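Asker: Just dropping this structure here.
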Amino acid sequence: MLDLKDDEQLRTACISLQEQVISLAGNQNWITEFQKWLVRVRDVSHQEFLSSEFQLALWDTEAVSATGMGRINISAVAEDFAIAESLWQLKQKYAQTRDPTENEILIADAWAQHMGR
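Structure (C-alpha cells):
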C-alpha cells in the first residue's frame, strides 16, 4: 500500500500515473494537437493575434474550450480588442522570463486588470 504522505512514494505514484495516462492513444492525439496550438500562438504576428478570427480560433478549439461536458461561448471576449491586446502584451512579457514566480505575477496582474473591467 502506498503512503501518499511520503514525498518519494507520492512522486513515484505521480510518475507512474502520468506514464499510464500519457501513453493512451486519445491523450497522445490531444497532446499533439495542443502542441501545434502552442507553436501557432508562439509564432503568430501581432496583427493576426489581435484579429477576432484568431481569437475565436484560439479559444474555441477542441484542445482548449471543449474540456468537460460542454462548451463556453467566448465570442464576446474574442471580439474585444482590449482583451486581445492585453493577452498579446502578456504573451510578450511571459516569453522574456523563465522565472516561474515572475510568470505567475504577470498572469495574476493581467487577470486582475480584466476582472476590474
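Residues in the sequence shown are numbered from 47 upward in steps of one, following our numbering.
We put the CB at the ideal spot given by N, CA and C, even for glycine.
All figures in this text were calculated on a predicted structure; none of them were measured in a lab.
Can you list, in chain order, the residues of its chain with a C-beta nearer than 6 Å to that of S98? Leave out the 5 residues immediately preceding and following it.
Answerer: One-based indexing of the sequence shown puts residue 98 at position 52. Once the five neighbours on either side are set aside, the close Cβ partners of S98 are A124 and E125.
Asker: Pick helix, strand or coil for N75, following the three-state DSSP scheme.
Answerer: Taking the first residue of the sequence shown as position 1, residue 75 is located at position 29. Reduced to three states, the DSSP call for N75 is helix.
Asker: If contact is defined by three or more beta carbon pairs under 8 Å, each pair taking one atom from either stretch, is the stretch 49 to 68 in contact with the stretch 90 to 97?
Answerer: no
Asker: Identify, in the order they occur along the chain, each residue of the same chain with its Cβ nearer than 7 Å to the Cβ of Q101, setting aside the five sequence neighbours on each side.
Answerer: Residue mapping note: residue 101 aligns to position 55 of the sequence shown, counting from 1. Result list for Q101: A124 and A130, in chain order.
Asker: Whose C-beta lies closer than 7 Å to the C-beta of S132 among residues of the same chain, with five residues either side of it excluded?
Answerer: The residue labelled residue 132 in the question sits at position 86 within the sequence shown. The answer, listed in chain order, is A156, Q159 and H160.
Asker: Do V87 and L104 have their beta-carbon atoms positioned less than 8 Å apart in this structure?
Answerer: Your numbering for residue 104 matches position 58 in the sequence shown. Your numbering for residue 87 matches position 41 in the sequence shown. Yes, these two residues count as a Cβ contact at 8 Å.
Asker: Is DSSP giving R65 helix, strand or coil here?
Answerer: For the purposes of this step, residue 65 is taken as the residue at position 19 of the sequence shown. Residue 65 is actually Glu in this sequence, not Arg. DSSP places E65 in helix when its eight states are reduced to three.
Asker: Have a look at E150 and A122 and give me their C-alpha separation to the nearest angstrom.
Answerer: Within the sequence shown, the letter at position 104 stands for residue 150. Within the sequence shown, the letter at position 76 stands for residue 122. If you take the alpha carbons of E150 and A122, they lie about 26 Å apart.
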